[in-house]
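Notes to accompany the following structure.
In full-length UniProt numbering, the protein residues as written are 1 to 948.
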């Protein structure tokens, strides 16, 4: 009787398969790859036809010894690793390692593959062994050599020419470039204003529906046809003053087909969108479902192999799914013929099955008690997607109604849809990555052509175009797949490496490039542009796929790549650091020094006032320094060093507030670093945690997020604080921190503190001294007889004036402020009082005049110069609100269009401003740098051959 040794990758898989095969088989796990290239120079020799030297790992040697021992009493070796290039490579390594030990003499070696770990699939595979697939092995060798040579050739160049950088990779660097270029698009984006006009109508039976204005004066409205308030209000008034009736009704039925079953990429995308599950977690969970879980005392593989580009399913699986659909949902939900899907992905890999349940009768409800939380959610997603892929199409009735006034000078369109037959939607609907819902039902009331409708309300709404969204894990994986870079087994590893290297970070499930990542990208684009080009990388992927298909020789592909790549690298040997600095400073200048609102030079050194801030390179990385070094030693780092600082998702934890017990953290917001106590209440978004900005100076010294202590943070969070009362008026005097720095406040009177003032310890005497300069230009007259509010006379740019609340009146030319009485001031306010410019923000006007528009615009500038800014927390809130989805505002509650456009542009510029983290105390302009970051060796980019 023949005895066989079977080699698989994982112990869990070995345990399951051993039960299926019986006592004549010994199943041993290799535990992933048993050999790899040593992480040192000389492991690949390009000059010797890319000869490669392999090193057996400690764990690999242990497993090889176990296999060799088992083979002493065996008749054959069966290699049953995964059915892809990685699995073929593992089998090749196992055979090669055993041949080195000379234990395969007279022992045949066979290769078997199966797409699912079930008894039927395993026994069927054992009956049909084959030889090792040499083209797949060659493709593995080419990829491994390629990734090694890029990593060990390009990374040292980065270290020498760009200190502080970590590593570069063939696909990793291209993915990083995509993220950085998207961020650059967002930073330079300028929103454009446009308006839409919508109306609410009632039918004869008092049924309401909404319609949008689509044609005006015989012309179809495009997105920017109504590009200002005046045009929008003119169109709105026309709709309001017109009577409308139904001009035409269009009805049609459309069919919506289900999405194909999951590939690796689409599974990662849907897991991210629907479950909030990262790519690595999704792949790890899918591997557990593939290898099997304990159900009723038996280990059962629940899904097919999870690394695949294919969307086809085995005929037996399709048939069983169709039978389940008939039984569970009825024959009307099962099409007459099975659905067939074709792979449309660019450079699709080997023809594997899609990810599907191994047995459709294992419903999510049935196996849920045996699964972990993540396993249950992901299995339900995979099961529903595979079953829905074979269900009947959904049928949707769509209705369009055109409304017109007399002469059809204004045409409005109302659309509605209702699901006539839900089909596959009864079970599953593909998610979206744009935040929109999945509801397809929006029914219009019954109407007939010629029927008059009543106008209930008409609104003109202001919108602004939005910048392209940052990449999520789902959208980045989809983009990489569409371009043709990376492969199913690499996506999760690539995203993980980018985060581990602190090239990017995830905020609100979106990728944000760190300054370190932008520097690396700018360097590679400037000096190795071809090798981070998406087209070149995709073309190289095609050549590698040609090798796996037996259509190209891997030595020839490698030789062509290495010739041009090595020549490019050799050109950088004489590259001067000054050339690198100039190139990076030129490319990243707009990012590090965004335009200022006041139009001043953003590079002007704020320490010496004459120097120019620019990019510098030191031993430990890049930083910003003043051109007047060594006279001026002002520096700003570009990255936060990891060291012992506690970081989690971009936060630095300072400690716990002893009074509230809440965590105090330093975070990065749209206006730079800030302090936050506690977390937002997920159940009540209106309740915000306490926040405070970080001043540039504290106790006369420069400070940033890295230097800040818990005690200082708690002091800043306590602002504004009352320091005492004015000795004459009794009014409270407070010290606070605003957008423009620390201030002293008494009522509506503000004074600015110097940078040397310690805002946390300023006393009453210093506060009075600061206010005295302001009070010299203000004279209090008394209380207004109507509401008892204070009436003052002030010095202004154009002469003295009296003020009561938000009302002001200019003094006659022959009057001086020292002689004005309370009665005279009250009379002037009643006679010629006007609202304070920029102060009447809450006043609602539907159609402001041109004079009002000009007043609003001028007032906004004057107010910005005179009035201290709101608290930074409020500013941050406003910035976030401006940046979300489409900025839609009711016209009736808006100031003039010019003011709105200016406000939006100012907000957009503010969002691009970033506050750089800590500068090392020892850092100097070009010979020093911020605190040292830990160095790291080159990382060979995770390839298709590296196990999860």
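The beta-carbon is built from N, C-alpha and C at its ideal position, and this holds for glycine as well.
6 Å Cβ shell around residue 244 - same chain, five flanking residues per side excluded: 403, 405 and 453
Per-residue burial, residue 261 [other beta carbons within 10 Å of its own, 16 or more giving buried]: buried
Option in 297, 425, 480 and 311 with minimal Cα separation from residue 171: The shortest C-alpha separation from residue 171 is found at 480.
Residue 158, buried or exposed, once every other Cβ within 10 Å from all chains shown has been counted against 16: buried
The region 303-318 in contact with the region 502-521 per 3-pair CB rule at 8 Å: no
Burial state of residue 687 (16 or more Cβ within 10 Å): Under this definition residue 687 is an exposed residue.
Range of the contiguous alpha helix (DSSP H) that encloses residue 534: 534-548
Residue 751 (DSSP reduced to helix, strand or coil): The answer is strand: DSSP assigns residue 751 an E or B state.
Beta bridge counterpart(s) of residue 193 as assigned by DSSP: 464
Where residue 265 falls, given that 16 or more other Cβ within 10 Å makes a residue buried: buried
Simplified DSSP state of residue 124, which is helix, strand or coil: helix
As assigned by DSSP and simplified to three states, the class of residue 644: Because the pLDDT of residue 644 is 31, which lies under 50, any placement of that residue in the model is unreliable, and the question is left without a value.
Beta-carbon proximity list for residue 57, same chain, < 8 Å, skipping 5 on both sides: 33, 34, 35 and 36
Stretch-stretch touch, CB-based, cutoff 8 Å, three pairs: the region 276-287 with the region 490-509: yes
Pick from 215, 234 and 200 that is closest to residue 209, judged by C-alpha positions: 200
Rounded Cβ spacing between residue 83 and residue 55 (contact assumed at less than 8 Å): Not quite, the Cβ-Cβ distance comes to about 27 Å (not below 8 Å), so this is no contact.
Beta-bridge partners of residue 829, as assigned by DSSP: Paired residues: none, contrary to the question.
Length at least 3, wholly inside the region 789-836: the beta strand (DSSP E) runs in chain order: You should have 790-796, 799-804 and 807-810.
Assigned secondary structure, residue 285 (DSSP; H/G/I helix, E/B strand, else coil): helix
Nearest neighbour of residue 263, chosen from 305, 365, 227 and 249 [CA to CA]: 305
Residue 214 to residue 242 span [Cα, whole Å]: Roughly 15 Å separates the two Cα atoms.
Euclidean distance between Cα positions of residue 995 and residue 361: Outside the shown range of the chain (1 to 948) lies residue 995, about which nothing can therefore be said.
Stretch pair the region 284-294 + the region 319-327: three plus CB contacts closer than 8 Å: Contact between the region 284-294 and the region 319-327 is not established, with fewer than three Cβ pairs separated by less than 8 Å.
Per-residue burial, residue 115 [other beta carbons within 10 Å of its own, 16 or more giving buried]: buried
Rounded separation between residue 889 and residue 421 - CA only: At residue 889, the pLDDT of 38 sits below 50, so the modelled position is not reliable and the matter cannot be decided from this model.
The region 363-377 contacting the region 220-239, beta-carbon criterion three pairs below 8 Å: no
3 or more residues per run - each beta strand (DSSP E) lying fully within the region 547-622: 613-618
Helix, strand or coil at residue 494 [DSSP, three-state]: Shown here, residue 494 sits in a helix according to DSSP, grouped into three states.
Beta-ladder partner(s) of residue 513, from DSSP: 504
Minimum C-alpha distance to residue 724 - residue among 740, 696, 380 and 764: Closest option to residue 724, Cα to Cα, is 764.
Three-pair Cβ contact test at 8 Å for the region 454-465 versus the region 247-262: no
Assigned exposure category for residue 522 - 16 Cβ within 10 Å defines buried: buried
Sufficient close CB pairs (3 or more, under 8 Å) joining the region 458-477 to the region 138-148: no
Span of the beta strand (DSSP E), counted from its first residue to its last, around residue 693: Looking at the DSSP string, the run of the beta strand (DSSP E) that includes residue 693 is 690-693.
Distance between residue 467 and residue 189 (C-alpha atoms, nearest Å): When only Cα atoms are considered, residue 189 and residue 467 end up about 6 Å apart.
Distance between residue 499 and residue 912 (C-alpha atoms, nearest Å): At residue 912 the pLDDT is 39, less than 50, meaning the model places this residue with poor confidence; the figure from the coordinates comes in the next sentence. The straight-line gap from Cα to Cα measures roughly 22 Å.
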